[in-house]
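From first to last, the protein sequence lines stand for chains A and B.
All residue numbers in the first sequence are consecutive under this note's numbering, ending with 952.
All residue numbers in the second sequence are consecutive under this note's numbering, ending with 1780.
Using N, Cα and C, we set each Cβ at its ideal position, and we do this for glycine too.
All values reported here derive from a predicted model rather than from experimental measurement.
Comments concern the structure below.
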Amino acid sequence: MPARNRDFPTALAVPALVAVAFFLLPLIGLLARVPWSRAVDLLATREVLDALLLSLRCSLAATVLSLVLGLPLAVWLSSGTSRTHALVRALVTLPMVLPPVVGGVALLLAFGRRGVVGAPLGEWFGIALPFHPAAVVLAEAYIAMPFFVLTVEAGLRALDRRYLDAAATLGAGPWRVFRTVTLPLLAPSLRAGLLIAWARALGEFGATITFAGNLAGSTRSMPLAVFDAFERSPDAAIVLSLVLVVVSAAVLFSLRRRWFPA
Amino acid sequence: MNGLAVQIRMQRGALPLDVAFEVAAGETVVVVGPNGAGKSSCLLAIAGLLPLEAGRIALGARCLDDGSKRGFVPAERRDVGVVFQGHLLLPHLSALDNVAYGLRARGHARRAARETASSWLERVGLGAELVDARPAALSGGQSQRVALARALAIDPAVLLLDEPMAAVDASGRLALRRELREHLASFAGPRLLVAHDLADAFALADRVLVLEEGRLVQAGPIDELVARPRSRYVADLVGVNCFRGVAHAGVVTVAGAPLRVASNLEGEVLVTLHPRAVSLFRQQPAGSPRNVWAAPIEALEPTLERVRVRLGGPIPLVAEVTHSAVDELRLEGGGEVFVAIKATELNVTQC
């Protein structure tokens, strides 16, 4: 069909196929090397289970933090178009483009033992964040929250505001309108934002290892464990990676309607 | 019940909106006008969703907006019931909860609110089986009923309706219009309705306001609009012939052709003429000072009672004659006929 040739010139076929292979081969490589028979044993070790549990708890905590702090921020961002709004949006977006290691260094300089906020925290309350799971949560939230905020802000901007107007004429003040109209209408964006943020938190590596450290049982999350295991026992690293691939694929699957509308 | 007094001055994009009108308690005023004339903006301003730049909106002695920040009463404290264009039923709530929403916002307990809502839905005639349906499952007519019940349930001081019929298909419109008229009649406060369809205005209005380019061009009972349209838009709307011309010494020159009128206005004028006031003849009629000319017949459009004859020539116009006259005069498309118009039938207004 002539229309087909116009949509996709043959000359592009080869590089496009190379691109597909480029994304497919690492997956095949990983799957081919999975020691299926020993997979359960490898996963059942104390170290792996610790990492799994820590990752789960910290990534969920980071997701909740993203919701609690990020939702109000997203609502504010969507409420205006001023210079301040643009500046704050740039600030929030920064961690998405910043190398995570740099994010970790910055977090350390702010919340570390000798950081701007970290030093008084330690002095007055005896709180030291590095090498503590709380630092993992902070590092993950720092990287993940921007994804939540931007997703939810886009959802808010796409919202038909006339529904909010209609609710107001019925006697609902701004807080009631937010609770009973905005939030329910925003549910799909909230769900997507939470999933993306969680997936991003779960995979966080650079900021975590720089800021929280790599202490087994305290701050060694799954990606850190993969990195750690890779030299000593590659098979364990592969099995751990497989777990992360499965989780990511599940996230992708649950977001398919949003990202790949038919 | 208090009347509504409105004086709106604001800029809407490129359109300067500047209108003033009043709606008495128990009166239904219908606003008509072309798209983008500022009709919906007026309703939004009265509803409290669009602050005034200058002017004043008052309900009896209570000022709702005077153009200042302090004088602006937000929508949720105005007690204005609104049926929005497209109805805007909250999509995540059932029909019942949509109607109960305003009562809940006013602090009614859930059960009491739902009971009141349910009686309102019964009053507007929504089938019991649809009470728990989501808005997406309702037809245009059903959703209009829910929207009306929702607006009335909060016991508002004013009722605003923005093209409530727009989402209703033609077949259901007649019955729904009749229902709407009954519900409007049972509401004691001022009622203001924006309509696109003149039939809505005919059926519902005590008085009609015509809004064009942000200004009121005509206000009055509908028969006055029909008898003396004051703009091209109104004339087209009511199906009346309308010409723009220059008047001098009892003659209006329209597109180069003279029309003898019974008016001593001078300068630019608008001439309107009811299609039934146009007489058609097979032969050139004699006597009396009439405007007479021969015109080609472009088309015949039969309506239920009469036939609209579309005529070409120097002054294109529409004549309305009986079906029997069409036979007697042997009128047919492509033929020619003599047009006669009495000078007294031509309405002349300054423009």
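Query: Range of the contiguous beta strand (DSSP E) that encloses tryptophan 726 of chain A; Result: Here tryptophan 726 of chain A belongs to no beta strand (DSSP E), and DSSP marks it neither H nor E.
Query: Meets three-Cβ-pair contact criterion under 8 Å: the region 1441 to 1458 of chain B and the region 824 to 837 of chain A; Result: no
Query: C-beta neighbour in chain B for leucine 876 of chain A, strict 8 Å; Result: no
Query: Within 8 Å, strictly: CB atoms of leucine 1633 of chain B and leucine 1609 of chain B; Result: yes
Query: Inter-residue CB distance, leucine 720 of chain A and valine 937 of chain A (contact presumed, cutoff 8 Å); Result: The pair is not a contact, with the Cβ atoms about 14 Å apart (cut-off 8 Å).
Query: Cβ-based contacts, 9 Å cut-off: residues of the region 862 to 876 of chain A near chain B; Result: Ala862, Gly863, Pro864, Arg866, Val867, Thr870, Val871, Pro874, Leu875
Query: Own chain residues within Cβ distance below 6 Å of alanine 1542 of chain B, not counting five before or after; Result: Ala1529, Leu1532, Arg1533
Query: Min CB distance leucine 860 of chain A to chain B below 8 Å; Result: yes
Query: Of the residues B:Leu1519, B:Cys1471, B:Ile1770, B:Pro1520, the one placed nearest glycine 1716 of chain B, counting alpha carbons only; Result: B:Ile1770
Query: is_contact[arginine 882 of chain A, chain B] using C-beta, thresh 8 Å; Result: According to the sequence as given, residue 882 of chain A is alanine; it is not arginine. Not an interface residue.
Query: Where the alpha helix (DSSP H) containing valine 933 of chain A begins and where it ends; Result: 924 to 944
Query: Reduced DSSP category for glycine 793 of chain A - H, G, I as helix; E, B as strand; rest coil; Result: helix
Query: Contact the region 1676 to 1692 of chain B vs the region 1727 to 1738 of chain B: 3+ CB pairs below 8 Å; Result: no
Query: The beta strand (DSSP E) enclosing methionine 1394 of chain B, as first and last residue numbers; Result: Because chain B is modelled from 1430 through 1780, residue 1394 of chain B falls outside the range shown and cannot be assessed.
Query: Inter-stretch contact (C-beta, 8 Å, three-pair minimum) for the region 840 to 853 of chain A and the region 1480 to 1489 of chain B; Result: no
Query: DSSP three-state assignment for valine 1553 of chain B, whether helix, strand or coil; Result: coil
Query: Outcome for proline 991 of chain A when other beta-carbon atoms lying within 10 angstroms are tallied against a minimum of 16; Result: Chain A is shown from 691 up to 952; residue 991 of chain A falls before or after that span and cannot be answered.
Query: Amino acids of chain B, ordered along the chain, whose beta-carbon sits closer than 7 Å to that of alanine 848 of chain A; Result: Per Cβ cutoff of 7 Å: no residues; alanine 848 of chain A is ~14 Å from chain B at best.
Query: Inter-residue spacing [alpha-carbon to alpha-carbon] between leucine 1577 of chain B and proline 1585 of chain B; Result: 12 Å
Query: Boundaries (first-last residue) of the beta strand (DSSP E) holding leucine 1494 of chain B; Result: Residue identity check: residue 1494 of chain B is aspartate in the sequence provided, not leucine. Element bounds for aspartate 1494 of chain B: 1491 to 1494.
Query: Contacting positions in the region 1531 to 1560 of chain B - beta carbon closer than 7 Å to chain A; Result: Gly1531, Ala1534, Arg1535
Query: Minimum C-alpha distance to alanine 887 of chain A - residue among A:Met786, A:Arg922, A:Asn904, A:Val730; Result: A:Met786
Query: DSSP beta-bridge partners of proline 1725 of chain B; Result: B:Glu1765
Query: Test item: CB-CB of leucine 875 of chain A and histidine 1521 of chain B under 8 Å; Result: yes
Query: Min CB distance arginine 852 of chain A to chain B below 8 Å; Result: yes
Query: Unbroken alpha helix (DSSP H) run spanning phenylalanine 838 of chain A, endpoints; Result: 823 to 848
Query: Top-ranked residue by Cα proximity to threonine 859 of chain A, from B:Gly1601, B:Ala1582, B:Ala1595, B:Val1597; Result: B:Ala1582
Query: Extent of the continuous beta strand (DSSP E) run through alanine 1487 of chain B; Result: 1483 to 1488
Query: Histidine 1703 of chain B - containing alpha helix (DSSP H), residue span; Result: It is not in any alpha helix (DSSP H) - histidine 1703 of chain B carries neither H nor E in the DSSP assignment.
Query: Closer than 8 Å to chain B by CB, alanine 844 of chain A; Result: no
Query: Residue-level contact to chain A via CB, glutamate 1592 of chain B, 8 Å cutoff; Result: no
Query: Residues of its chain near glutamate 1695 of chain B, where Cβ-Cβ distance is below 7 Å and the 5 sequence neighbours each way are ignored; Result: Ala1676, His1677
Query: Members of the region 1472 to 1492 of chain B that neighbour chain A once the beta carbon cut-off is set at 9 Å; Result: Leu1473, Ala1476, Gly1477, Leu1478
Query: Arginine 1579 of chain B: contacting residues in chain A (beta-carbon distance under 9 Å); Result: Ala856, Leu860
Query: The region 1510 to 1518 of chain B touching the region 1589 to 1596 of chain B, judged by at least three CB pairs closer than 8 Å; Result: yes
Query: Of the residues B:Arg1507, B:Leu1559, B:Glu1641, B:Val1747, the one placed nearest leucine 1473 of chain B, counting alpha carbons only; Result: B:Arg1507
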